[in-house]
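The sequence shown finishes on residue 511 if you use numbering that gives the first Met the number 0, and the numbering steps up by one all the way, no holes. Note that CB positions come from ideal geometry on N, CA and C, so glycine has one too. Notes to accompany the following structure.
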Amino acid sequence: MENNYTVLARKYRSQDFESLIGQDVLVKTLTTAINTGRIAHAYIFTGIRGTGKTSTARILAKALNCLSSDHATSKPCGKCENCLAIAAGQHIDVMEIDAASHTGVDNMREILDAALYRPTNARYKVYIIDEVHMLSTSAFNALLKTLEEPPAHVIFILATTEIRKVPVTILSRCQRFDLARVPVETLKKHFAWIADQEKIELSDGANELLARAADGSVRDGLSLLDQAIAQTGGHVDEASVLDMLKRTDRGTVVNFMQTVLSGDVNAALNKLDEIYNNGADLTMLLNDMMEWTHWATRMYPSLRLQDATSSPYTADQREIIKKINEKISLNTLSRIWQVMIASVPELQASGNQKQCFDMLIVRLMHIADMPSIPELLKQQDKEVVQVKIEQPKPVVEEKKFIEIKTSADLANALQQARELLLYSYYSSNLEIAEFTEGHIKYFDRKDDKEFAKKLAIWLKEKTGKLWNLEKLEQSTNQETISEHAKSEITSDPMVASAMDLFKDAEIVNISK
Ligand SMILES: [Zn+2]
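The following block contains the structure:
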């Protein structure tokens, strides 16, 4: 590769309105306005990063000042002195200010004072202020003053990723354009064209992955493409991009979801270990699993959307999803989605993502396993036990209710039912003030609003009775179950003497 490699985003930066990627509405509106001489004094461009705000600002500056015409033109030549200087960011009358790097912009007033003077070489003095939302209050006030009575030869072009942080007083004086996220198909076309120009191989699958990962940003997509070219020496295929993005391919995700929903905990956790050991990014994996859930829902037969072919899955993969859909309810899919969505911040905050993900899988399996409440009610009404064919294990077992009379009973029952999350929360955060069958009076140290709801549903299902969970506002200063177990152990004479022997010892785990 050449030494002076120019990054693709810069090399292929759009130089005129026609080559702006995916911003058709903006292009049409702006070019019409320029052609009919309706030029505003201030524009504001907003949109996520890499959608072409700064490129559009420069093109507009060229359009206003191109020497190929004696007035502003929607087709700047790109060759005249003004066009070249503006493209290089070196024109004396086109000021580019990055508010992100001059937050205070103390000299904003000085910069704007100069606006009063006529342009030196251009028709218009153009101020391009990038990330304008980052200006200080005093800088905004200076800007507002100029915007209120702009000299005829001055044009402001503001750009921001966070439009809500721009004062309304400024916004109301600007013509606003929202730059859309660039669609996957448009990005793919653009990347394929660039690959062609650069004479590199870019497989369709790899292109699709890059375009999706770019999430609507041309610049992000092109820097990924840069990276892929550097890593593969110009033979960019699906496998190398998957590897680079630490992504698991869709086929694996589809098979993984099949295992998770089959109810075989062991197989699912083993498969997860395998995916993890192959270097998958777990946040991405969750993303892919959510994508799966979204499409499985859209492909659900009773919804009759029939848009399976627009899904990103191959025919074989769609067939697997169809089979899974025959076995699970729409309700289950939507509960799976809820649990996944709730896990996104959890996963990000967790110091140990793998642990968090293991627990997520267990939770998902539980959902898939559990008949929904309407289903339960229906069964009680009819008193019919349905056995579905092809199910790895019968979903509906004959209901045997258990008795729970003490807090210890409940802890044991939770453990036996492998309700690990409920169990660990119950045993480490709850102070039990009173416990009789059907009634628990407790104080929750972590005050999790969802916990009592989940526990009550579980108790109703297991005992066949309604439970009243009464939460206390004040701590009762009682031990939780795990604290109790610990103090019981330490009071054992054997353990006490062992603790005496090892002064710094601490009990960290108790196993029976
Ligand atoms: Zn020109």
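Quick check on DSSP: helix, strand or coil for Ile542?
This structure cannot speak to residue 542, because the chain is shown only from 0 to 511.
Please report the straight-line C-alpha distance between Ile388 and Asp368, rounded to a whole angstrom.
Residue numbering aside, residue 388 sits at position 389 when the sequence shown is read from its first letter. Residue numbering aside, residue 368 sits at position 369 when the sequence shown is read from its first letter. Model confidence at Ile388 stands at a pLDDT of 44, short of 50, so the residue's coordinates are unreliable; what they give is reported in the following sentence. Cα to Cα, the separation comes out at about 15 angstroms.
Beta-carbon spacing of Leu221, Ile193 below 9 angstroms:
As a working note, residue 221 is residue 222 in the sequence shown. As a working note, residue 193 is residue 194 in the sequence shown. In contact: Leu221 and Ile193 (Cβ atoms closer than 9 angstroms).
Taking three-plus beta-carbon pairs below 8 angstroms as touching, is the region 39-55 in contact with the region 78-94?
Look at the beta carbons and you see the region 39-55 not touching the region 78-94: under three pairs across the two are nearer than 8 angstroms.
Once you ignore the five residues that flank Val6 on each side, which residues in its own chain have a CB closer than 8 angstroms to its CB?
In the sequence shown, residue 6 corresponds to position 7, counting from 1. Within the same chain, Val6 has close Cβ partners Leu221, Ser222 and Asp225.
If I follow the unbroken alpha helix (DSSP H) through Arg175, where does it start and stop?
What you label residue 175 is simply residue 176 of the sequence shown in a count that begins at 1. Where Arg175 is concerned, there is no enclosing alpha helix (DSSP H), although the beta strand (DSSP E) it sits in stretches over Gln174 to Asp177.
Residue(s) in a DSSP beta bridge with Asp129
Locating residue 129 in the sequence shown gives position 130, where the first residue counts as 1. Per DSSP, Asp97.
Helix, strand or coil at Glu200 according to DSSP, with G and I counted as helix:
Locating residue 200 in the sequence shown gives position 201, where the first residue counts as 1. Glu200: strand per DSSP, three-state reduction.
Thinking Ala279 and Ile323 are a contact (beta carbons under 8 angstroms), I'd like their distance in whole angstroms, please.
For the purposes of this step, residue 279 is taken as the residue at position 280 of the sequence shown. For the purposes of this step, residue 323 is taken as the residue at position 324 of the sequence shown. That belief does not hold up - the Cβ atoms of Ala279 and Ile323 are roughly 21 angstroms apart, past 8 angstroms.
Whether or not the region 16-30 and the region 168-187 are in contact is what I'm after, with contact meaning three or more pairs of Cβ atoms, one per stretch, closer than 8 angstroms; do they touch?
Output reads yes: the region 16-30 touches the region 168-187.
Lys10, DSSP secondary structure in three states:
Indexing the sequence shown from 1 puts residue 10 at position 11. Helix at Lys10.
Per DSSP, Thr159 is paired with what?
As a position in the sequence shown, residue 159 is number 160, starting the count at 1. Beta-bridge partners of Thr159 (DSSP): Thr45.
Say the cut is 8 angstroms; is the CB of Ser135 nearer than that to a heavy atom of ligand 1?
Indexing the sequence shown from 1 puts residue 135 at position 136. The beta carbon of Ser135 sits no closer than 8 angstroms to any heavy atom of ligand 1.
Anyone know if the C-beta pair for Cys65 and Ala71 falls short of 9 angstroms?
Your numbering for residue 65 matches position 66 in the sequence shown. Your numbering for residue 71 matches position 72 in the sequence shown. Taking 9 angstroms as the Cβ cut-off, Cys65 and Ala71 qualify as a contacting pair.
Should Glu433 be labelled buried (16 or more other beta-carbon atoms within 10 Å of its own) or exposed?
By one-based count along the sequence shown, residue 433 stands at place 434. Here Glu433 is exposed: its Cβ has fewer than 16 other Cβ atoms, across all protein chains shown, within 10 Å.
Residue from Phe400, Leu421 and Thr405 whose Cα sits closest to the Cα of Lys464
Along the sequence shown, one-based indexing puts residue 464 at 465. Relative to the Cα of Lys464, the nearest Cα in the group Phe400, Leu421 and Thr405 belongs to Phe400.
Let me confirm a value: Tyr425 is counted as buried when at least 16 other C-beta atoms fall within 10 Å, else exposed. Which label applies?
On the sequence shown, position 426 is the one that residue 425 refers to. Buried is the call here.
Between the CA atoms of His234 and Ile228 - distance to the nearest angstrom:
For the purposes of this step, residue 228 is taken as the residue at position 229 of the sequence shown. For the purposes of this step, residue 234 is taken as the residue at position 235 of the sequence shown. Per the coordinates, the alpha-carbon of Ile228 lies some 7 angstroms from the alpha-carbon of His234.
Nearest by alpha-carbon distance to Arg332: which of Lys188, Lys353 and Met298 is it?
By 1-based counting over the sequence shown, the position of residue 332 is 333. The sequence as given places Leu at residue 332; Arg does not occur at that position. Across the set Lys188, Lys353 and Met298, the C-alpha of Met298 shows the shortest separation from the C-alpha of Leu332.
Report buried or exposed for Glu382, applying the criterion of at least 16 other Cβ atoms within 10 angstroms of its Cβ.
For the purposes of this step, residue 382 is taken as residue 383 along the sequence shown, with counting starting at 1. Here the model assigns Glu382 a pLDDT of 48, short of 50, so the residue's position is not dependable and the matter cannot be decided.
Assigned exposure category for Ile439 - 16 Cβ within 10 Å defines buried:
Position 440 of the sequence shown, counted from the start, is the residue given in the question as residue 439. Here Ile439 is buried: its Cβ has 16 or more other Cβ atoms, across all protein chains shown, within 10 Å.
Given Lys10, which residues of its chain have a CB within under 7 angstroms of its CB, disregarding the five upstream and five downstream residues?
To locate residue 10, count along the sequence shown from 1; it is residue 11. Around Lys10: no qualifying Cβ.
Assign Val384 to one of three DSSP states: helix, strand, or coil.
As a first step, residue 384 must be located in the sequence shown, where it is residue number 385. For Val384, the predicted model reports a pLDDT of 47, less than 50, meaning its position is unreliable; a value from the coordinates is still stated below. Residue state, collapsed to three classes: coil.
Excluding five sequence neighbours on each side, which residues of the same chain lie with their C-beta closer than 8 angstroms to the C-beta of Met283?
For the purposes of this step, residue 283 is taken as residue 284 along the sequence shown, with counting starting at 1. Only Leu244, Lys245, Arg246 and Thr247 meet the Cβ criterion.
Near ligand 1: Leu59 beta-carbon under 8 angstroms from a heavy atom
Sequence index remark: in the sequence shown, residue 59 carries index 60 (1-based). Distances taken from the Cβ of Leu59 to the heavy atoms of ligand 1 include none shorter than 8 angstroms.
On the CB-based measure, 16 or more other CB atoms within 10 Å of its CB, does Ser342 come out buried or exposed?
Working through the sequence shown from its first residue, we reach residue 342 at position 343. By the neighbour-count rule (16 or more Cβ atoms within 10 Å), Ser342 is buried.
Going by beta-carbon coordinates alone, are Val183 and Arg218 separated by less than 9 angstroms?
Here residue 183 refers to the residue found at position 184 when the sequence shown is read from its first residue. Here residue 218 refers to the residue found at position 219 when the sequence shown is read from its first residue. Result no, Cβ atoms of Val183 and Arg218 do not sit closer than 9 angstroms.
Let me check you understand the geometry: is the CB of Ser77 closer than 8 angstroms to at least one non-hydrogen atom of ligand 1?
One-based indexing of the sequence shown puts residue 77 at position 78. Note that residue 77 is Gly in the sequence shown, not Ser. It does: the Cβ of Gly77 is within 8 angstroms (strictly closer) of some heavy atom of ligand 1.
Is it the case that the CB of Cys173 approaches a heavy atom of ligand 1 more closely than 8 angstroms?
Locating residue 173 in the sequence shown gives position 174, where the first residue counts as 1. No, ligand 1 has no heavy atom inside 8 angstroms of this Cβ.
Inter-stretch contact at 8 angstroms, needing at least 3 Cβ pairs: the region 263-282 / the region 310-323
As far as the Cβ criterion goes, the region 263-282 does not touch the region 310-323, which means the pair count is below three.
What do you get for Ser486, buried or exposed, if any count of 16 or more other CB atoms within 10 angstroms of its CB means buried?
As a first step, residue 486 must be located in the sequence shown, where it is residue number 487. Exposure of Ser486 is indicated by the presence of fewer than 16 other C-beta atoms within 10 angstroms of its C-beta.
Tell me whether Leu302 is buried or exposed, calling it buried when 16 or more other Cβ atoms sit within 10 Å of its Cβ.
Along the sequence shown, one-based indexing puts residue 302 at 303. By the 10 Å Cβ count, Leu302 comes out exposed.
Bridge partners - Tyr441, DSSP secondary structure assignment:
Walking along the sequence shown from the start, residue 441 turns up at place 442. According to DSSP, which records beta bridges pairwise, Tyr441 is partnered with Ile431 and Lys470.
Do you know whose CA, among Leu429, Ala416 and His189, lies nearest Asn476's CA?
As a position in the sequence shown, residue 476 is number 477, starting the count at 1. For the residues Leu429, Ala416 and His189, the minimum Cα distance to Asn476 belongs to Leu429.
Per DSSP, His234 is paired with what?
Residue mapping note: residue 234 aligns to position 235 of the sequence shown, counting from 1. In the DSSP output, where bridge partners are listed per residue, His234 has Glu200.
Measure the CB-CB distance between Ile156 and Ala41 and report whether it falls below 9 angstroms.
As a working note, residue 156 is residue 157 in the sequence shown. As a working note, residue 41 is residue 42 in the sequence shown. Yes, Cβ-Cβ distance for Ile156 and Ala41 is below 9 angstroms.
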